[in-house]
Amino acid sequence: MTRIASLVALYLVAAFTALAPRPGAARDPGVLEYGAQCAKEIGAIPAFNCNDGTDIPITVDGKPPAPGTAPKQCDRPSLLSPLSPTEGQCTPYSKILNLTRGNIQISAYCRRNVLRDRTDPHYDEVIVVLHHADNGKTCWFDSQPPPDSGGWNATRVPPPNEATPPRGRPSAVEFWATPAKIAANKPTCIECHDAGPFIFSPYIGQVWDKVPTDPWGKYSNLGAAFASYHLKTMSTPGNTCIGCHRIGSEQSCTVFLRLSAGRKAAPGNDALANRYPLSHWMPTDNTMSEAQWNAANVKSVDDLLACCNDKNHPNPNCTFTPMPPGGTVR
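Here the sequence shown stands for residues -20 to -1, 1 to 310, numbered as in mature numbering (1 follows the signal peptide of the UniProt record, and there is no 0).
In structure tokens:
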């Protein structure tokens, strides 16, 4: 072999070595590859128009805000970032769509951070949860930041596995963030959705009939970006909180248990949101007085919070159970 050929060979080996994944490293697929995997193992997400969704109401002291205004605090803020005063917690005209067909559960949330007319086609973020109620597999899709402050024209949100969009429409690669980018946002989708794919809050509870639910079903997450999460649920003897759904051990411990039991106030809460009964989310059909609620539930909340604080040295009253995993390809 000539010296030049040897140098070329060494260069090619070095190049391929640099490109090869490190042993044990999680390889992150692009949008189209992840979208194709999710479509195969769960089901396809159709193209949709955010303006076909149902408005999520915003009220202040029980009344809609004045036209053309977006309050900083409200009765039921969105809680997308529950511990920070994120822009848009109380902005009107965000929408929810239920695109479910059979066991293929698809929930789409079209979020407004900027006040616009109710029928304006532009949205600042689009989030889709794709879940199969039979095999338990779940995928997460979040839009890229809009190309400018005008937001995304979401009259046709592209399927994440669509290679070629119609002329003049954004492509899936342009519109959707990669799994790695989604997983890098803290807390991650999975850390918040630690007990199942769909979360109840006072905000989303206003349109709960438009949200698919699977509180006791199998639940696992597709994609290398989410492979490090091994979710567990918590219980204690005679606990009233686990009568309707599971309690996760991630952000449920850090945030949601306290928020839902009147122990913590979100930055977007107004005075009404911080008072009983809005300050206590569960049960969703609550008709109890505050004294009755406390008598029925305070011990259960305290027991779960004690487990949250003792996850590394669990006391005998705390049971941590691995999430029932997903099954085979549908």
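Here a beta-carbon is modelled for each residue, glycine too, at the ideal position from N, C-alpha and C.
Where Lys161 is concerned, the enclosing alpha helix (DSSP H) starts and stops at 159 to 164. Per DSSP, the beta bridge partners of Ile76 are Thr34, Tyr89. Secondary structure at Val137: strand, using DSSP grouped into helix, strand and coil. In the structure shown, Asn219 adopts coil according to DSSP, grouped into three states. Excluding residues up to 5 positions away in sequence, Asn93 lie with their Cβ nearer than 7 angstroms to the Cβ of Glu67 in the same chain.
The beta carbon of Asn133 sits closer than 7 angstroms to those of Pro101, His102, all from its chain and outside the five residues before and after it, given in chain order. Beta-bridge analysis with DSSP links Glu105 to Arg91. DSSP places Trp188 within a helical segment (H, G or I) once states are collapsed to three.
Excluding the 5 residues flanking it on each side, Ala19 has same chain C-beta neighbours closer than 6 angstroms at Asn141, in chain order. Comparing C-alpha distances from Cys119 to each of Ile84, Asn78, Gly48 shows the shortest one belongs to Ile84. Residue burial is scored here from C-beta neighbours: Gly130 has fewer than 16 other C-beta atoms within 10 angstroms and is therefore classed as exposed.
In this structure, the straight-line span from the alpha carbon of Ser74 to that of Cys90 is close to 6 angstroms. A direct Cα-Cα distance of roughly 6 angstroms separates Leu252 from Asp55. When DSSP states are grouped into helix, strand and coil, Pro182 belongs to the helix group. Contact holds between the region 56 to 66 and the region 176 to 186, because three or more Cβ pairs, one in each stretch, are under 8 angstroms apart. By the criterion of at least three beta-carbon pairs nearer than 8 angstroms, the region 229 to 246 is not in contact with the region 25 to 32. When Arg98, Ala113, Ser64, Leu63 are compared, the shortest CA-CA separation from Ser87 is found for Ala113. For Tyr199, the closest C-alpha among the options Gln186, Thr213, Val191 is that of Thr213. By DSSP's assignment, Arg81 forms a beta bridge with Ile84. The Cβ atoms of Phe121 and Ala163 do not sit closer than 7 angstroms to each other. Three or more beta-carbon pairs separated by less than 8 angstroms link the region 209 to 223 to the region 270 to 280, which places the two stretches in contact. DSSP places Phe121 outside any alpha helix (DSSP H); the residue lies instead in the beta strand (DSSP E), whose first and last residues are 117 to 122.
Residues of the same chain with a CB within less than 7 angstroms of the CB of Pro138, apart from the 5 flanking positions on each side, are Ala27, Pro145, Arg149, Pro150, Ser151, Ala152, Phe155 in chain order. The beta carbon of Glu171 sits closer than 7 angstroms to those of Glu230, Gln231, all from its chain and outside the five residues before and after it, given in chain order.
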